[in-house]
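Below you'll find the structure, written out as structure tokens, and then a few comments.
Numbering (our numbering), first residue to last: 31 to 775.
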């Protein structure tokens, strides 16, 4: 039977050969360039390549990118926005500096626009119905750029149409406690118009809170105390300084959630199921309209009623009163009311994402993502074009090395230009919905650079704890702009720092909320994320953000004259973000330090013990399981660090490296629980969800305790506290299990 064995061996060999051919056919990306000759499965980050990239990132090219990107207004889905899609595609397909591939993807999404035929109006109406005063519907054309026909009128996106009219009240920041304060002052809020100012509560939350108290319409303005350090004269503001001019109006979205409003949890393809518009949630319940502080002054300085609390006063040059209505000796007759006419309309529009890809040589199935949104409210030189200008320069330098055949990253790099971010983080959310499983399985990290430069004092970084180390390593190697002689790291530490029990004094890393496109990546997918920007010195200004934010004054000249004249801060961000990108894509071991989560967990645990411990004990709820879970995580993280450190000393097996990298990559996913916050769409990360309580601890536990504080023992509210505690414990134990040796179940 020897011939049978020989035949079997021959058939087996042929089968194995065929299987190899099939696997190779489907595993190797089509049209892939061969790996650079020096690439090996154990090659680490090449410091010479890193140095080359840092040296080639050019401030003058970033400047020219920004000039072109901000030349015209480009609100989402506009012709100019689509023209920028083609600009990105042409850059990323360039024969000398392009990437491996570049494609655009279109989504059909619900956007909100003011009517061109009927501009939104704010008027003071006399007792007989005559219009006593009408406020300007557009910003003053101070540089010739604010009067262009494609400058969208200031409006509150997604605010419903309507024309409410009523007595005016001043409701400070539109928080629920602000309306409660007015009610406690004996003011009847039913049918009133509330004048609020930016800050304290989100845009849409102001309208939601107002509606709860019977208010029929909301106005929102930016007080010069909050944005201009009290300065309000035209001579003190743009174009004479970086300050917001009196007519400046902050546009913005008032939608509660992120993603396309009609296709939650589904990509907004043309064929996708859509919620009926009448049943869609998250829209403001009453009309709202933003105005400039020049117009707000005319209203506030004529109000009657009780003097507003000292914390509610501002910088408009008069004493702020609460109302309701106007004083008889003012500019408007007694009994005059405010009418807010809103003519916004909802429209289904096509909006595009643009993706540019560099395929990895060793691990093409591991993606490091770098994203920035493209759309703006008007010219958007700062927000978001400063970020896009940096994105294009980083991709140009890497693309040039790629085309020369001198470099290819270990892992794949995905550059992304997101559409319709200003409306509700739409482009990035639709992308995460469409590729949910693929990204959860393969995405290493997400780097977001939305506004790259809003001032030129220091770097500011938001991020999850595992990215702290790689950002620190990158910024220690890059000189800070200016004559300080400090690294970006040391300059950052000088402006924003904290005391770490492990590292001593270090720069502070802020936490990620939902202010930009990182939100779906961290909250929905559990992908380690960061957001980088250069910002101002908070000891020299109390501005809550750069003054021209979301206005028609956010132009190229504004950036060049007042924010970053030599574009050195833009270059510093390009070097910082590019350095981090290369470390994540090229390092043999992923530079994600999971042990850095221990400090956050300890601080959350201590806050729970100190602030909530007595209350929980009164209801026979023990924090013992939480203490044990935190200890388990710390032990598992430390042990993993030690195993990786030992492996680095020898000659690691490629499969071992891959195994450890997967543990580092997947840790963030272990903190997800899709049922933890059913009332909060897309929020699944049990450590970083919104927190209504002031206690800086695990958000689900903090919120549940806040809701149950006045509830009876044994109530559903206290059952929810126990549930949230169990959710956190299970997540921490699951995270610890992810970090333990993979052979240990």
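Ideal Cβ placement from N, Cα and C applies to all residues, glycine included.
Only a predicted model underlies this, so the values are computations on that prediction, with no experimental measurement involved.
With a Cβ-Cβ cutoff of 8 Å, do residue 134 and residue 115 count as a contact? As a position in the chain shown, residue 134 is number 104, starting the count at 1. As a position in the chain shown, residue 115 is number 85, starting the count at 1. A contact, by the Cβ cut-off of 8 Å.
Note down the Cα distance separating residue 673 from residue 460, rounded to an integer number of angstroms. Locating residue 673 in the chain shown gives position 643, where the first residue counts as 1. Locating residue 460 in the chain shown gives position 430, where the first residue counts as 1. Answer to the nearest angstrom: the Cα atoms are 38 Å apart.
When DSSP labels each residue in this structure, what does residue 588 get in the three-state scheme? The residue you call residue 588 lines up with position 558 of the chain shown. Here residue 588 sits in helix by DSSP.
Could you pull out every residue in the same chain whose Cβ sits closer than 7 Å to the Cβ of residue 411, ignoring the five residues on either side in sequence? Taking the chain shown and counting its residues from 1, the one referred to as residue 411 is at position 381. So the list reads 96, 100, 584, 585, 586, 588, 589, once near-sequence residues are dropped.
Can you tell me the Cα-Cα spacing of residue 122 and residue 446, whole angstroms? In the chain shown, residue 122 corresponds to position 92, counting from 1. In the chain shown, residue 446 corresponds to position 416, counting from 1. So the two alpha carbons sit approximately 11 Å from each other.
Exposed or buried, residue 253, counting other C-beta atoms within 10 Å across all chains shown (16 or more means buried)? Residue mapping note: residue 253 aligns to position 223 of the chain shown, counting from 1. With 16 or more Cβ atoms within 10 Å of its Cβ, residue 253 is classed as buried.
Should residue 191 and residue 464 be called a contact, given that it needs their Cβ atoms to be closer than 8 Å? Taking the first residue of the chain shown as 1, we reach residue 191 at position 161. Taking the first residue of the chain shown as 1, we reach residue 464 at position 434. Result no, Cβ atoms of residue 191 and residue 464 do not sit closer than 8 Å.
Helix, strand or coil at residue 195 according to DSSP, with G and I counted as helix: For the purposes of this step, residue 195 is taken as the residue at position 165 of the chain shown. In the structure shown, residue 195 sits in a strand (DSSP, three-state: E or B).
Going by the CB atoms, is the gap between residue 419 and residue 600 shorter than 8 Å? Locating residue 600 in the chain shown gives position 570, where the first residue counts as 1. Locating residue 419 in the chain shown gives position 389, where the first residue counts as 1. Against a cut-off of 8 Å, the Cβ pair of residue 419 and residue 600 comes out as a contact.
From this set, 264, 288, 73, which residue's C-alpha is nearest residue 391's C-alpha? For the purposes of this step, residue 391 is taken as residue 361 along the chain shown, with counting starting at 1. It is 73 whose Cα lies nearest to the Cα of residue 391.
Taking DSSP as the reference, what is the three-state secondary structure of residue 717? As a first step, residue 717 is located in the chain shown; it is residue number 687 there, counting from the start. Coil at residue 717, not helix or strand.
Tell me, please, which residues DSSP counts as bridged to residue 25. Because residue 25 is not part of the residues shown, which for the chain are 31 to 775, the question remains open.
Use the C-beta contact count for residue 161: other C-beta atoms within 10 angstroms, 16 or more gives buried, fewer gives exposed. One-based indexing of the chain shown puts residue 161 at position 131. By the neighbour-count rule (16 or more Cβ atoms within 10 Å), residue 161 is not buried but exposed.
Quick check on the DSSP output: the beta strand (DSSP E) that includes residue 173 runs from which residue to which? Sequence index remark: in the chain shown, residue 173 carries index 143 (1-based). Element bounds for residue 173: n/a, residue is neither H nor E.
Own chain partners of residue 197 with C-beta closer than 8 Å, once the 5 adjacent residues on each side are dropped: By one-based count along the chain shown, residue 197 stands at place 167. Excluding positions up to five away in sequence, the list reads 221, 222, 223, 353, 354, 355, 367, 368.
For residue 312 and residue 405, the rounded distance between their alpha carbons: For the purposes of this step, residue 405 is taken as the residue at position 375 of the chain shown. For the purposes of this step, residue 312 is taken as the residue at position 282 of the chain shown. The alpha-carbon atoms of residue 405 and residue 312 are separated by roughly 22 Å.
In whole angstroms, what is the alpha-carbon distance linking residue 503 and residue 113? Your numbering for residue 503 matches position 473 in the chain shown. Your numbering for residue 113 matches position 83 in the chain shown. Going by the C-alpha atoms only, they are around 38 Å apart.
Closest Cα partner of residue 393 within the set 428, 640, 441: Locating residue 393 in the chain shown gives position 363, where the first residue counts as 1. Ranking 428, 640, 441 by Cα distance to residue 393 puts 441 first.
Using a Cβ distance threshold of 8 Å, determine whether the segment 205 to 212 contacts the segment 256 to 268, with at least three qualifying pairs required. no
Contact between the segment 596 to 613 and the segment 556 to 564 is defined here as three or more beta-carbon pairs at a separation below 8 Å; is this criterion met? yes
Cross-strand partners of residue 185 (DSSP beta bridge): Residue mapping note: residue 185 aligns to position 155 of the chain shown, counting from 1. According to DSSP, which records beta bridges pairwise, residue 185 is partnered with nothing at all.
Determine, using beta carbons only, whether residue 472 and residue 397 come nearer to each other than 8 Å. As a first step, residue 472 is located in the chain shown; it is residue number 442 there, counting from the start. As a first step, residue 397 is located in the chain shown; it is residue number 367 there, counting from the start. A contact, by the Cβ cut-off of 8 Å.
Who are the Cβ neighbours of residue 360 in its own chain at under 7 Å, not counting the five residues just before and after it? In the chain shown, counting from the first residue as 1, residue 360 sits at position 330. The residues are 332.
Would you please state the rounded distance, in angstroms, between the beta carbons of residue 746 and residue 659? I believe it to be under 8 Å. The count along the chain shown starts at 1 and reaches residue 746 at position 716. The count along the chain shown starts at 1 and reaches residue 659 at position 629. Contact flag wrong, Cβ pair sits at about 25 Å.
According to DSSP, simplified to helix, strand and coil, what is residue 530? Numbered from its first residue, the chain shown carries residue 530 at position 500. Residue state, collapsed to three classes: strand.
Give every residue of the same chain whose Cβ lies closer than 7 Å to the Cβ of residue 775, excluding the five residues on either side of it in the sequence, and list them in chain order. Along the chain shown, read from residue 1 onward, the residue named residue 775 stands at position 745. No residues qualify anywhere along the chain.
Among 642, 193, 184, whose alpha-carbon lies nearest the alpha-carbon of residue 154? What you label residue 154 is simply residue 124 of the chain shown in a count that begins at 1. Nearest option by C-alpha distance: 193.
Should residue 33 be labelled buried (16 or more other beta-carbon atoms within 10 Å of its own) or exposed? As a first step, residue 33 is located in the chain shown; it is residue number 3 there, counting from the start. Annotation note: pLDDT 39 at residue 33 (below 50); position unreliable, coordinate value reported separately. Residue 33 is exposed by the Cβ-count criterion.
Would you list the one or two residues that DSSP bridges to residue 489? Locating residue 489 in the chain shown gives position 459, counting from the first residue. Residue 489 is bridged to 564.
Where residue 348 falls, given that 16 or more other Cβ within 10 Å makes a residue buried: Taking the first residue of the chain shown as 1, we reach residue 348 at position 318. Per the 10 Å Cβ criterion, exposed.
Residues near residue 722 in its chain [Cβ-Cβ closer than 7 Å; skip 5 each side]: Start at 1 with the first residue of the chain shown, and residue 722 comes out as number 692. Closer than 7 Å at Cβ, skipping near neighbours: 733, 736.
Once the 5 residues before and after residue 714 are set aside, which same chain residues still bring their CB inside 8 Å of it? Here residue 714 is taken as the residue at index 684 of the chain shown, counted from 1. 553, 554, 556, 702, 703, 704, 706, 707, listed in sequence order.
Using three-state DSSP, classify residue 111 as helix, strand or coil. Looking up residue 111 in the chain shown gives position 81. Residue 111: helix per DSSP, three-state reduction.
Answer yes if the segment 487 to 507 comes into contact with the segment 619 to 628, meaning at least three C-beta pairs across the two stretches below 8 Å, and no otherwise. yes
Top-ranked residue by Cα proximity to residue 458, from 385, 516, 530: Position 428 of the chain shown, counted from the first residue, corresponds to residue 458. The shortest C-alpha separation from residue 458 is found at 385.
For residue 748, count the other beta carbons within 10 Å of its own beta carbon; 16 or more makes it buried, fewer makes it exposed. Which is it? Reading the chain shown from its first residue, position 718 is the one you call residue 748. Classification for residue 748: buried.
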